[in-house]
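Participant: Quick note on the numbering used here: the sequence shown kicks off at 5 and runs consecutively. Backbone N, C-alpha and C define an ideal beta-carbon position, used for all residues, glycine too. Bear in mind that the values here come from a model prediction, so they are computed numbers and not experimental data.
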Amino acid sequence: MSETHEHQPISLHRYANAGLLVGALGTIVTLAGMFGGNKVAWQAYLFGYIVWASLSLGCFGVLLLFHTVNGKWGLPVMRILEAGASKRNFGLLAALFIPFIVSIGRGDGYLYKWSDPAVKATDKVIQFKEPYLNLPFFLIRAALFFLLWMGLTGLLRRSTRKQDETGGMKETDRRSSWAAPGLVAFVLSITFAFTDWVMSLEPHWSSTIYGVWWVVGMALMAFAFVTIIATLNKDKAPYAGIVKPSWTRDMGNLLLTFTMLWGYTSLSQYLIIWSGNLGETISYYVQRSNNHWNAIGMATVLGQFFVPFFALLSPRVKAQSKLLAQICGWILVMRLLDMYYVVMPAMRDLPLPSFWDLVAIVGIGGLWTWAFSGAVKEAPLLPAYDPRLTEVEAHAH
5 MSETHEHQPI SLHRYANAGL LVGALGTIVT LAGMFGGNKV AWQAYLFGYI VWASLSLGCF
65 GVLLLFHTVN GKWGLPVMRI LEAGASKRNF GLLAALFIPF IVSIGRGDGY LYKWSDPAVK
125 ATDKVIQFKE PYLNLPFFLI RAALFFLLWM GLTGLLRRST RKQDETGGMK ETDRRSSWAA
185 PGLVAFVLSI TFAFTDWVMS LEPHWSSTIY GVWWVVGMAL MAFAFVTIIA TLNKDKAPYA
245 GIVKPSWTRD MGNLLLTFTM LWGYTSLSQY LIIWSGNLGE TISYYVQRSN NHWNAIGMAT
305 VLGQFFVPFF ALLSPRVKAQ SKLLAQICGW ILVMRLLDMY YVVMPAMRDL PLPSFWDLVA
365 IVGIGGLWTW AFSGAVKEAP LLPAYDPRLT EVEAHAH
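1) Quick check: what's the CA-CA separation for PHE309 versus ALA329?
2) Express the C-alpha separation of MET222 and ALA383 in angstroms, rounding to a whole number.
3) Any chance the CB of ILE54 is under 7 Å from a heavy atom of the ligand ZN?
4) Inspect the beta-carbon positions of GLY113 and LEU156 and report whether they are closer than 8 Å.
5) Would you kindly work out how many angstroms separate the C-alpha atoms of ASN237 and ILE14, rounded to a whole number?
6) Can you tell me whether TRP209 is helix, strand or coil according to DSSP?
7) Tell me the residue span of the alpha helix (DSSP H) that contains LYS322.
8) Would you please state the rounded distance, in angstroms, between the beta carbons of THR304 and LEU341? I believe it to be under 8 Å.
9) Tell me whether LEU316 sits in a helix, a strand or coil according to DSSP, three-state version.
10) Decide if ASN93 is buried, meaning its Cβ has at least 16 other Cβ atoms within 10 Å, or exposed.
11) State the Cα-Cα distance for the pair LEU393 and TYR19, rounded to the nearest angstrom.
12) If you draw a straight line from the alpha carbon of TRP266 to that of GLN291, how long is it in whole angstroms?
13) How is the alpha helix (DSSP H) around GLY171 delimited, first residue to last?
14) Check LYS133 in the structure and name its three-state DSSP category.
15) Indicate the three-state DSSP secondary structure (helix, strand or coil) for GLU284 in the structure shown.
16) Between the Cα of SER181 and the Cα atoms of ASP127, VAL33 and LEU159, which residue gives the shortest distance?
17) Shortest alpha-carbon distance to ILE286 belongs to which of ALA226, MET255 and TRP209?
18) Return the chain-ordered list of same chain residues with a C-beta closer than 6 Å to the C-beta of ALA45, the five sequence neighbours on each side being excluded.
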């Protein structure tokens with residue numbers, strides 16, 4: 005082990021108290037607005053929830069991918085991925101999910117039209133989908149999703165901690181054997197979860213590529229998140245000597261890959277729906293072509309695909325930590341805009357951000373930061389006895 009490994013981890017948990025304070029305040033204010041009958045507050049809460057759930061799920065998906073392929077690129081950021089996808093974070097997300105169950109149970113239709121008895125009584129499509137879109141089955145599926153995610157992430161976390169204590173590659177091989185089928189289960193669970201939580205906001209519409217599109221976007225978000233943390237702390241222990249041009253090039257290539265995958269899945273969905281020209285599917289894009297939503301859609305195409313695509317083609321950008329961090333920051337902003345474009349038109353006619361949007365996303369984000377901070381301090385940022393880390397160090401110099 006080098007001297008760098010023996011240093012204390014970067015203090016990523018220093019924002020825990022501030023996150024808890026801001027998060028609790030923002031979430032309480034949002035909940036007060038929601039249960040006071042403010043429909044916009046409900047919409048904002050759902051959007052904020054989807055954003056932060058996507059980051060946790062993206063960290064989880066990338067963590068499963070890393071353990072499946074056993075790539076060296078993931079070692080410097082494995083602990084950050086574990087913290088983002090920790091049982092703390094998923095437990096928090098499960099608790100924050102309760103208001104959606106209340107809304108559906110009341111049948112207020114603030115979010116999900118299919119839960120409103122008055123709408124259901126006159127809508128043949130919703131009646132046809134009722135065996136799937138009903139509260140008991142919705143609740144059962146949500147419980148299964150969280151149990152799966154928390155169970156898998158708990159297994160992986162215990163395994164990496166055990167390897168820190170015992171050394172050797174036995175645990176690495178065991179994680180790989182779990183992660184491969186786990187990755188398949190993860191993709192399937194995301195497909196069903198985001199069909200329930202987001203696609204069913206527009207119950208007449210459907211897309212067969214929707215789940216894959218969300219998985220790719222989540223992974224892109226997670227790669228940008230962990231890369232920006234590592235690159236901004238490259239001169240501090242334990243990343244000094246690890247975060248070098250060879251590693252940033254690897255991460256830049258992964259960001260480029262998932263940027264292209266996002267472009268591919270987005271274009272594929274559009275072309276399939278456009279060529280089919282069916283009333284029940286084109287409604288998605290018709291809604292997003294009116295009232296200036298099309299401007300946000302175009303900004304997303306330019307900002308989330310073309311800008312990072314051409315920037316990440318440059319070896320110079322990928323080799324310089326500062327430039328790569330800026331690209332990662334840009335990608336995170338574009339992911340936020342993209343999710344706004346996907347979620348909000350189902351609930352609003354105009355793309356006008358509200359006070360509640362800011363309060364909800366900051367509130368839930370503060371609680372997420374608090375949970376993340378608690379998880380990240382449970383173990384050193386670099387694994388203690390993984391021989392692959394020595395190879396990363398040697399390659400970095």
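Facilitator: Quick look at the numbers:
1) On the sequence shown, residue 309 is found 305 positions in, with the first residue counted as 1. On the sequence shown, residue 329 is found 325 positions in, with the first residue counted as 1. Our two residues, PHE309 and ALA329, have alpha carbons roughly 17 Å apart in a direct line.
2) One-based indexing of the sequence shown puts residue 383 at position 379. One-based indexing of the sequence shown puts residue 222 at position 218. Just so you know, the alpha carbons of ALA383 and MET222 end up roughly 24 Å apart.
3) Among the components of this structure there are no ligands whatsoever, and the ligand ZN is therefore not found.
4) Looking up residue 113 in the sequence shown gives position 109. Looking up residue 156 in the sequence shown gives position 152. Against a cut-off of 8 Å, the Cβ pair of LEU156 and GLY113 comes out as no contact.
5) Numbered from 1 along the sequence shown, position 233 holds the residue referred to as residue 237. Numbered from 1 along the sequence shown, position 10 holds the residue referred to as residue 14. When rounded, the distance between both Cα atoms is 8 Å.
6) As a first step, residue 209 is located in the sequence shown; it is residue number 205 there, counting from the start. If DSSP states are grouped into helix, strand and coil, TRP209 belongs with coil.
7) In the sequence shown, residue 322 corresponds to position 318, counting from 1. Residues 319–323.
8) Counting from 1 along the sequence shown, the entry for residue 304 is found at position 300. Counting from 1 along the sequence shown, the entry for residue 341 is found at position 337. At roughly 6 Å, the Cβ-Cβ gap stays under 8 Å, so THR304 and LEU341 are in contact.
9) What you label residue 316 is simply residue 312 of the sequence shown in a count that begins at 1. Here LEU316 sits in helix by DSSP.
10) As a working mapping, residue 93 is identified with position 89 in the sequence shown. Label assigned to ASN93: buried.
11) One-based indexing of the sequence shown puts residue 393 at position 389. One-based indexing of the sequence shown puts residue 19 at position 15. CA-CA distance, LEU393 to TYR19, rounds to 28 Å.
12) Taking the sequence shown and counting its residues from 1, one reaches residue 266 at position 262. Taking the sequence shown and counting its residues from 1, one reaches residue 291 at position 287. Roughly 21 Å between the two C-alpha positions.
13) Translated into the one-based positions of the sequence shown, residue 171 becomes position 167. For GLY171, there is no enclosing alpha helix (DSSP H), as DSSP gives it neither H nor E.
14) Working through the sequence shown from its first residue, we reach residue 133 at position 129. Coil, per DSSP.
15) For the purposes of this step, residue 284 is taken as the residue at position 280 of the sequence shown. Per DSSP, reduced to three states, the secondary structure at GLU284 is helical.
16) Residue 181 sits at position 177 when you count from the first residue of the sequence shown. Considering only alpha carbons, the answer is LEU159.
17) As a working note, residue 286 is residue 282 in the sequence shown. Nearest option by C-alpha distance: TRP209.
18) In the sequence shown, the residue the question calls residue 45 occupies position 41. Cβ within range, chain order: THR34, GLY37, MET38 and TRP360.
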